[in-house]
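Those protein sequences? They're chains S and B, same order as listed.
Take any residue in the first sequence, count from 1 to its spot, add 463: that is its number in the numbering used here.
Take any residue in the second sequence, count from 1 to its spot, add 706: that is its number in the numbering used here.
All C-beta atoms in this analysis are idealised placements derived from N, C-alpha and C, irrespective of residue type, glycine included.
So the structure is just underneath, and the comments pick up after that.
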Amino acid sequence: MRNTLIALALALAALTGACSGSDDVLTVYSGRSENLIQPLLDDYTATTGVDVDVRFGDSADLALLIAEEGDRSPADVFISQSPGAIGFLAERGRLQAIDDAVLDLVPAEFHNADGLWVGLSGRVRVLVYNTDLVDAAELPDSVFDLTAAEFRSRVGLAPTNGSFQDFVTAMREINGDDTTLAWLEAMAANDAQTYANNTAIVQAVGRGEVPYGLVNHYYNLRALAEDAGAASANHFFPDGDIGALLIATAAGIVDTADDSGLAREFIEFLLSKPAQRFFADETFEYPLAAGVPPSGDLPPLSSLDVATYDFDRLGGGLERTTELIDASGLTGS
Amino acid sequence: MRAASPAPEVAPPPAAPRRKARWLPALSLVVGGVFLFPVAYLLWEAIFLGSEFWATLSSGDTLRPLANSLLIASTTAAACAVLGTSLAWLVARSTMPGRAMWRLLLPLPLVIPSFVGATAILVAFGPGGLVPFFPRLDGFWGAFVVLTMLSYPYVYLPVLARLRATPASLEEASRLLGVGTWRTQIGIVLPQLRSAIAAGTLLVFLYGLSDFGAVSLMRFDTITRAIFSSRLFDRTASLTLGLVLALLALGVAAVDRAVPRRPHHGAIGRTPARYSLGTGSILAVGLATTTVGLALVAPIGVFVAWVVRGSSTVGVGYSGLGDDLGFLLSPLVNSAVAAVVAAAVAAIVVLPVAFATVRRRRVAAGFASTVVTSTFALPGLVVALAIVFWAVRAPAPMAFLYQSFPLLILAYVLHFGAQTLQASETAIGAVPARYDEAARMLGAGGGKRFLTVDLPLMAPGLLAGAGLVLLSTLKELPATLLLAPIGFDTLATRIWAAAEDGFFAEVGITSLVLILLSGALTWSFVLRPELER
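Rendered as structure tokens:
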């Protein structure tokens, strides 16, 4: 027992003593997980000598954390997997404007109008389907077709998930609240199957539990990387349908950042060619800057609907979106 | 039940006045006050944001998921009470084959995070799964099976500890009087287990209320779904629903406290004989095999399948057998240190509350005990955000504590203190008052009595409680993600991150390492010291 206590004391001492390092340290709260960004952070430290301390977590939880922390927040940069979570901070005045030189690295539709956040990479909404159960020739042309009788009880979606909420918010911006609510209600009436998140839907489609699912394109490519024989494929809605919306991973500088110059340089690095190549080649995503094309398996960006979804400016914001989703009966079934 | 009570050993306390330590209720009040942080945060924020408490509470959108929460929590609690007690009795008291193995394996499912357990069960069973002929588990039954399989150790461990501390004398007397084996077990032994079973069952119930991972993946709509889905865009609703859950838990804990727990017939003595099961052995092994099969072997099978299948994206994430495992070393050490420290601190911190509650029965102690117990029903995210809320408002000299290791331990202790408290109260209740009296008459002071009389008798129960906190901390997510020192990742946070982005080979290998670590830690800190006594 005594030896155990000594070992514990030593471990504690090691833990508390481990907070030294070089002078330049950038603190990043990242809703993007380690596997999908750490190699870039290592490159950044190697080239600039700036250490990057990262707190990984769910985008929404980290946004809440920064809000609770107030002016005591250690975060310099917030990277959000969804525009909704970063919009939450933008709306509360917790982000600083990024200067135009950085914003202009991406097309205007990929940054916030007030320059509070800038997109880094994108994922596209798709209809994932089971290749054994669905004839590829009969795939629908629009997400609005999914309310038809032939899709009754056959479509999975994740109404409480951030990316579905982002998609609904964009639909509100483009098609209005009434059309959006009507679509949500029709999906509920058509017995859409609700799941916890994108991964759960792709798995359910892969094992044939439900033939179709509304998800981000990334998740099925990831599933195929783990299981090349999986019976699931992505269908991109054609002709700029809102069902093929691009959702950006975004970065912003927190208002309490110690050194906003350093934060700006870091974001600029994430928009540089090598970083954008990483998003294209290693994480199956759409690069948004530096003219880097997406990986060959993906349809070109120009064929997709790319909405200017400044959610934080939309009337009622995401609160209204969750109200509509709840009112439609999709949640709480 | 009542038939078991007339034992001469539980004579009322002697008339000689006890010197009552006044600091004990005061100290427990302080501990209870610290455990009020999460509820106080919910109240403060709900009032500040203008919560319409009654309107939110009485809406159908609240009542429906709330009823579901109560349903899943009470049914899993009942199932765990039966399963955990049966398994503990078989391991401690029967001649069931393979007891040493069952003893080690049976506590381990508690370490599997519920979202991973649910994912594994979904992948394992049903059409298109690894075992396609088995029915698909989904909805209420899916959540019921997963939560029962992952939480029966809350009952199993305390009851097992209690069984080791019951003396042989009563049972032997009963047998000598010609009472049959089973009637003796039900009439004499079961009543002695009652408070351990009640304590464990309460923990399962509270855990069932707090869970989000299993119920959401099994598509069973509960109050935690409502709390999570509105947490960013309707703070008021989310906090109000959190408050509803907190008040419900306080109510349940207070009612539980109001039910008197009679003192036990604890004693030091030989451990009672084991009972030969005869052909019943087959049933016993069948029960243990089914439990371990569903709760441990099925998930492990899925994890192994994921690892063997590997991943084709070499360089991003773990890509399968043959890949370097060095990246798991630091999370492994972090998990082990955090879990052991949290378990030890939790056991020590709640001990005064347990003592004051059981021995002194003061109102202050009862209040503290109720608060400590209820905190376990809150989702981890609520507990974590509450600590952030108070920590950033703490006076400047304490600012350095924010996102430090001690604050992380505080979060674990607040969230899981109920587990050691319930186990400690049971353990203290099992120490016969007459031993304490005898020691006092021999002139032993309070401290000496505690160390030489109380502590040795309570040890199995305290270890069981610490073991529960150890396993719970190993799988904890929200507080670790939000409050750990930056860069402090654990096996659980790695599993979560890998699962978020569909890196299943990595989920598999990390989960296997987590299960091995929990086995090693449970063995060294809980089971081995217990067996060596």
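query: S:Ser485 to B:Tyr1118 span [Cα, whole Å]; result: Caution is warranted here: a pLDDT of 45 is assigned to S:Ser485, below 50, making its placement in the model unreliable, and the coordinate value is therefore given only provisionally. Taking the straight line joining both Cα atoms gives about 31 Å.
query: B:Phe1009 versus B:Leu1222, B:Pro1112, B:Val740 and B:Thr1158, residue with shortest Cα-Cα distance; result: B:Leu1222
query: Interface partners of S:Arg685 on chain B, CB under 7 Å; result: Asp1207 and Gly1208
query: Where S:Gln427 meets chain B, residues with beta-carbon distance less than 7 Å; result: Lying outside 464 to 796, the shown extent of chain S, residue 427 of chain S is not represented and no answer is given.
query: S:Ser485 - DSSP class collapsed to helix/strand/coil; result: Below a pLDDT of 50, predicted positions are generally treated as unreliable, and S:Ser485, at 45, falls in that range; the measurement from the model is reported next regardless. Residue state, collapsed to three classes: coil.
query: Contact under 8 Å by Cβ, B:Leu1240 with B:Ile1201; result: Here chain B covers residues 707 to 1239 and nothing more, so residue 1240 of chain B does not appear.
query: Three-way DSSP call (helix, strand, coil) for B:Val928 in this model; result: Looking at the sequence shown, residue 928 of chain B is not Val but Thr. Coil, per DSSP.
query: Three-state class that DSSP yields for B:Ile1192 in the structure shown; result: coil
query: Closer than 8 Å to chain S by CB, B:Asp1160; result: no
query: Extent of the continuous alpha helix (DSSP H) run through B:Phe939; result: Run containing B:Phe939: none; DSSP gives neither H nor E here.
query: Unbroken alpha helix (DSSP H) run spanning B:Thr996, endpoints; result: Gly986 to Val998
query: Three-way DSSP call (helix, strand, coil) for S:Thr632 in this model; result: helix
query: Below-8 Å beta-carbon distance, S:Phe519 vs any chain B residue; result: yes
query: Paired residues, beta bridge with S:Phe541 - DSSP; result: S:Tyr492 and S:Gly715
query: Pairwise C-alpha distance: B:Val1175 and B:Phe671; result: Given a span of 707 to 1239 for chain B in the structure shown, any question on residue 671 of chain B remains unanswerable.
query: Contact with chain B by S:Val757, beta-carbon distance below 8 Å; result: First, the residue type needs correcting, since residue 757 of chain S is Pro and not Val in the sequence shown. Not one chain B Cβ lies under 8 Å of S:Pro757.
query: Within-8 Å CB hit, S:Phe551 to chain B; result: yes
query: Contact list for S:Glu554 against chain B, beta-carbon separation under 8 Å; result: Under the 8 Å cutoff, chain B gives no residues; its nearest Cβ is about 10 Å from S:Glu554.
query: As assigned by DSSP and simplified to three states, the class of B:Gly1225; result: helix
query: Close beta carbons around B:Asp962, own chain, < 6 Å, minus the five adjacent residues each side; result: Leu908
query: Nearest to B:Leu1107 (by Cα), restricted to the options S:Ala790, S:Pro537 and S:Phe699; result: S:Pro537
query: Among S:Glu782, S:Ala564 and S:Glu728, the one whose alpha carbon lies nearest that of S:Val540; result: S:Glu728
query: Span separating the alpha-carbon of S:Asp516 from that of S:Phe747; result: 25 Å
query: CB contact flag (B:Gly1135, B:Ala1053, <8 Å); result: no
query: Touching by the beta-carbon criterion (3+ pairs, under 8 Å), the region 998-1008 of chain B and the region 807-814 of chain B; result: yes
query: With 16 other Cβ atoms within 10 Å as the buried cut-off, status of S:Ala481; result: Note that S:Ala481 scores 42 on pLDDT, short of 50, meaning its location in the model is unreliable and no value can be drawn from it.
query: Alpha-carbon spacing of B:Trp1012 relative to B:Gly823, whole angstroms; result: 14 Å
query: Same chain, Cβ closer than 6 Å to S:Gly676, five either side skipped, listed in chain order; result: Val591, Gly619, Ile664 and Val668
query: Rounded separation between S:Val565 and S:Asn575 - CA only; result: 12 Å
query: Chain B within 8 Å of S:Asn498, Cβ atoms only; result: yes
query: Contact set between the region 926-939 of chain B and chain S, restricted to residues whose Cβ is under 9 Å from the partner; result: Asp927, Arg931, Ala932, Phe934, Ser935, Ser936, Arg937, Leu938 and Phe939
query: Length-filtered (4 minimum) alpha helix (DSSP H) runs lying within the region 548-636 of chain S; result: 563-566
query: When S:Asp524, S:Ser626 and S:Asp721 are compared against S:Ile710, the one with the closest alpha-carbon; result: S:Ser626
query: Segment contact flag, the region 1058-1073 of chain B with the region 1201-1214 of chain B, C-beta cutoff 8 Å, min 3 pairs; result: no
query: Closer than 8 Å to chain B by CB, S:Thr642; result: no
query: Assigned exposure category for B:Val910 - 16 Cβ within 10 Å defines buried; result: buried
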